Amino acid sequence: MTNTQVSSKVKIKTNVFCILGDERIFHSKSPDMFSAVMRQVGMKGGYVPFMVRPGMIGEAMRSLSVLNIAGANVTVPYKEAVIPHMDELSEGATIIGSVNTIVPSGGKLKGYNTNAIGFMDALGEAGFDVAGRSAIVFGTGGAARSVVFILNWLHAGSIFITGRSQDKTRSIVNRIGGEAHLLESLPKKSVPANILVNATSVSGYDEAPELADLIQKLELPVCELVVDLNYGRSENFWQDMARKRGIRFMDGLSCLANQARRTLALWTGVDVKAENFLKALK
Numbered sequence: 636m637t638n639t640q641v642s643s644k645v646k647i648k649t650n651v652f653c654i655l656g657d658e659r660i661f662h663s664k665s666p667d668m669f670s671a672v673m674r675q676v677g678m679k680g681g682y683v684p685f686m687v688r689p690g691m692i693g694e695a696m697r698s699l700s701v702l703n704i705a706g707a708n709v710t711v712p713y714k715e716a717v718i719p720h721m722d723e724l725s726e727g728a729t730i731i732g733s734v735n736t737i738v739p740s741g742g743k744l745k746g747y748n749t750n751a752i753g754f755m756d757a758l759g760e761a762g763f764d765v766a767g768r769s770a771i772v773f774g775t776g777g778a779a780r781s782v783v784f785i786l787n788w789l790h791a792g793s794i795f796i797t798g799r800s801q802d803k804t805r806s807i808v809n810r811i812g813g814e815a816h817l818l819e820s821l822p823k824k825s826v827p828a829n830i831l832v833n834a835t836s837v838s839g840y841d842e843a844p845e846l847a848d849l850i851q852k853l854e855l856p857v858c859e860l861v862v863d864l865n866y867g868r869s870e871n872f873w874q875d876m877a878r879k880r881g882i883r884f885m886d887g888l889s890c891l892a893n894q895a896r897r898t899l900a901l902w903t904g905v906d907v908k909a910e911n912f913l914k915a916l917k
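Yeah, the sequence shown ends on 917 if you go by the numbering used here, and it's all consecutive.
Quick look at the structure:
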């Protein structure tokens, strides 16, 4: 793949899947997770990470066909950049404006968003019904849009979307729904949210000390579940806040496993239990 670094010695063949991202792709758990599950179920092939250089996403999309890739995942920062290169989008990907799964078929590429449905499945496993209940979502990127989309679809009572940019928070509201709130306004009010979701990329104190301080002071009188879409962090101020208040906490591993399950089903038609993916992550 020209201008694209392949970090695996796996020989490219029909049943090879891949994940596309920037240099952070080398820290992704997806290659090991998918490869382990494929071995468990006797599926031939492999799953490899491709690092795509800035400005080369179009060439990367063309290379999927050249290399006969059977399916691709897309991660930051290319979930939106791949959209113009899709021949077709699922309804969810269209509304959310973000693609994390590509299914090649008949020389064409169809983009899906399994982040959203994976989040829904994880909530179901946790036994949390959002219908008629309030939520607060931190973040304004593709992950946040996926969460807001599913919360709306599951008939959440109200959704507070919070970020540093008024334009970005209002963009989500206008596109999907919810109420926009700036981060700086939160300490001045009690937030009546039953579930809090961190859809930003930060969880550590050193990453965002001001946000960590704000979260510790945030009034959440009726919160029952805190979800951090990140995982594998040595320190986590979202988790610390939840623990101190006796609120149940869930990290992003369950969401990742369920998203992977949905993705593999789109690629192959094979439905593997999410617990298989979770075991592969541990």
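Backbone N, C-alpha and C define an ideal beta-carbon position, used for all residues, glycine too.
Owing to the predicted nature of the structure, the values given are computational and were not obtained by experimental measurement.
Could you pull out every residue in the same chain whose Cβ sits closer than 6 Å to the Cβ of residue i, ignoring the five residues on either side in sequence?
| i | result |
| --- | --- |
| Cys653 | Val683, Phe685, Ile704 and Ala707 |
| Val837 | Ala843 |
| Ala909 | Ala892, Asn893 and Arg896 |
| Met636 | In this prediction, Met636 has a pLDDT of 46, which is less than 50 and means its spatial position is unreliable; nothing more can be read from the coordinates. |
| Tyr866 | Asp886, Gly887 and Leu888 |
Determine the burial state of residue i: buried for a count of at least 16 other Cβ atoms within 10 Å of its Cβ, exposed for fewer.
| i | result |
| --- | --- |
| Gly656 | buried |
| Ala915 | buried |
| Pro666 | buried |
| Asp886 | buried |
| Gln894 | buried |
For residue i, which residues from the same chain have a beta carbon less than 8 Å from its beta carbon, with the 5 sequence-adjacent residues on both sides left out?
| i | result |
| --- | --- |
| Val651 | Val645, Gly680, Gly681, Tyr682, Val683, Leu702, Asn703, Ile704 and Ala705 |
| Gly732 | Glu715, Ile718, Gly777, Arg780 and Arg810 |
| Arg878 | Phe884 |
| Glu859 | Phe763, Asn829, Ile830, Ile882 and Arg883 |
Give me the Cα-Cα distance between residue i and residue j, rounded to the nearest whole angstrom.
| i | j | result |
| --- | --- | --- |
| Val861 | Glu760 | 14 Å |
| Lys714 | Leu786 | 20 Å |
| Glu845 | Asp875 | 15 Å |
| Leu913 | Leu888 | 7 Å |
| Val711 | Gly727 | 18 Å |
| Arg768 | Leu758 | 13 Å |
| Met691 | Leu699 | 13 Å |
| Arg896 | Gly677 | 16 Å |
| Val577 | Ser800 | Outside the shown range of the chain (636 to 917) lies residue 577, about which nothing can therefore be said. |
| Ala751 | Arg659 | 22 Å |
| Gly693 | Val687 | 10 Å |
| Asn911 | Lys823 | 44 Å |
Rounded C-beta distance between residue i and residue j? I'm assuming under 8 Å.
| i | j | result |
| --- | --- | --- |
| Thr898 | Thr749 | 5 Å |
| Thr804 | Gly798 | 5 Å |
| Leu853 | Val826 | 7 Å |
| Tyr840 | Phe872 | 6 Å |
| Val907 | Val672 | 6 Å |
Can you find the residues in the same chain that come closer than 7 Å, C-beta to C-beta, to residue i, ignoring five residues on each side of it along the sequence?
| i | result |
| --- | --- |
| Cys890 | Gly753, Phe754, Ala757 and Leu864 |
| Met721 | Val734, Leu744, Lys745 and Gly746 |
| Val765 | Leu758, Leu786, Leu789, Ala791 and Ile830 |
Notebook entry, point to check: If we count Cβ pairs, one from each stretch, closer than 8 Å, do we get three or more for the segment 735-745 versus the segment 888-905?
Noted result: yes
Check: With contact counted as at least three CB pairs below 8 Å, one residue from each stretch, are the segment 816-832 and the segment 769-780 in contact?
Finding: Yes: at least three Cβ pairs fall under 8 Å.
Check: Three or more C-beta pairs closer than 8 Å, one from the segment 809-824 and one from the segment 846-865: is that the case here?
Finding: yes
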